[in-house]
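Worksheet for the structure shown next.
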Amino acid sequence: MDDKRIVQFRDFGLGNISVDSFVFGISRGGNLNWLERAFFVDKIRNIVDQFPKFNVTVFDYDSTIYDLILGVKTEMLKAVFVTLTCMALICFFVIPKLRCTIIATFSVLSISYTLLGTLGWCGQDIDP
Numbered sequence: 007m008d009d010k011r012i013v014q015f016r017d018f019g020l021g022n023i024s025v026d027s028f029v030f031g032i033s034r035g036g037n038l039n040w041l042e043r044a045f046f047v048d049k050i051r052n053i054v055d056q057f058p059k060f061n062v063t064v065f066d067y068d069s070t071i072y073d074l075i076l077g078v079k080t081e082m083l084k085a086v087f088v089t090l091t092c093m094a095l096i097c098f099f100v101i102p103k104l105r106c107t108i109i110a111t112f113s114v115l116s117i118s119y120t121l122l123g124t125l126g127w128c129g130q131d132i133d134p
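Residues 7 to 134 (the numbering used here) are what the sequence shown spells out, left to right.
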């Protein structure tokens, strides 16, 4: 910590000092996987957001990956919904029988549910 800019302050004399900015680091030990690290950084971001007057910035080299991990759940649900809707519409126009359209749509829903839900319940990690 040989950097002189870690704490920036102004000395007004007579013991009056104003701290303009400072830098500090947070370290967490342990063998965390990507998901746990993403939630840890997200908790820190939520705490920092409660104090906007201090203009705090959270920096982590892997923040872009954490953002992807935290956003993948909603994006995945959107993708499943769009896929299911498109499949249902296409089947409705191509297959003349409504019963067959319902079976095809249910099959797509079943594949998505099984692939995503069962793997999650079994504790499988799809992280790279």
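Just so you know, even glycine gets a beta-carbon here, dropped at the ideal spot from N, CA and C. Here the structure is a predicted model, which is why all the values come from computation and not from measurement.
Scanning its chain for C-beta atoms nearer than 6 Å, with the 5 sequence neighbours on each side dropped, one finds around D66 the residues V47, in chain order. Contact annotation: F98 and T91 have beta-carbon atoms that are not nearer than 8 Å. In this structure, the alpha-carbon of T70 lies about 12 Å from that of V78.
Remark: C-beta atoms of I53 and I32 do not approach each other more closely than 8 Å.
Closest option to Y72, judged by alpha-carbon separation, among Q56, N39, L83: N39. Around the beta carbon of I23, fewer than 16 other beta carbons lie within 10 angstroms, which makes this residue exposed. Every beta strand (DSSP E) stretch that sits fully inside the region 8-43 and reaches 3 residues is listed by chain position as 13-19, 22-28.
For K103, the three-state secondary structure derived from DSSP is coil.
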